[in-house]
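These notes concern the structure reproduced below.
Structure, rendered in structure tokens:
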């Protein structure tokens, strides 16, 4: 039996897989032949690993439900629905419905992510403006106070000290912040079932 893949599939990957399987089953091709066709077309190493695991279990058991369960990358709901589809003889319809379900789930997740992104950007801009005020504007006020024969005290003095520290370490802090933001922005999973 092939080695289990540990990383669960994303909603997009599951939807893509279900679409492929629905088309294959609706064309009258058996699930094992369909997985074999998908294996030939797939160039992604992760995708091949998952498909090989499913193929080997199908060869041994002839049970599609057991095959997707054994590879360890599909959610329980998917596995349960596949079992129902296989038992009722309507696996092609179930795969088609699952494709729509996981595509909807992905759209909802993207919508939530989009709704959260805007406030995060606004908070980031607000923090940037506050840092600029502390680092650039507050020292000017301090200089004015010194010329008038006084000094900043209490909270204002603490902010001035914070501004001095931030201006000294500005470059490393900016580099770390930009690297972290880039990591969050570009950290998307590559589709394991895509042909490219």
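In our numbering, the protein residues as written are 4 to 199. For glycine and all other residues, C-beta sits at the position ideal for the given N, C-alpha and C.
*asked:* Does the contact criterion of 3 or more C-beta pairs under 8 Å hold for the region 118 to 138 versus the region 53 to 60?
replied: no
_According to DSSP, simplified to helix, strand and coil, what is residue 160?_
helix
*So, is residue 110 buried or exposed, given that buried needs 16 or more other C-beta atoms within 10 angstroms?*
exposed
*Compute the beta-carbon to beta-carbon distance between residue 14 and residue 112, rounded to the nearest angstrom, for a pair I have assumed lies under 8 Å.*
7 Å
*Report the residue ranges of all beta strand (DSSP E) runs contained in full by the region 40 to 81; include only those spanning at least 3 residues, in chain order.*
none
*Do three or more CB pairs link the region 86 to 98 to the region 147 to 164 at distances below 8 Å?*
no
*Excluding five sequence neighbours on each side, which residues of the same chain lie with their C-beta closer than 8 Å to the C-beta of residue 37?*
23, 24, 27 and 28
*Who are the near neighbours of residue 106 in its chain, counting only those whose CB is closer than 7 Å to its CB and skipping five residues on each side?*
18
*Close Cβ partners of residue 62 (< 8 Å) along its chain, the five nearest in sequence each way excluded*: 35
*Using a Cβ-Cβ cut-off of 7 Å (strictly less than) and excluding sequence neighbours within five positions of residue 108, which residues of its own chain qualify?*
14
*With DSSP collapsed to three states, give me the class of residue 92.*
coil
*Measuring CA to CA, which of 180, 142 and 115 is closest to residue 159?*
That would be 142, whose Cα lies nearest to the Cα of residue 159.
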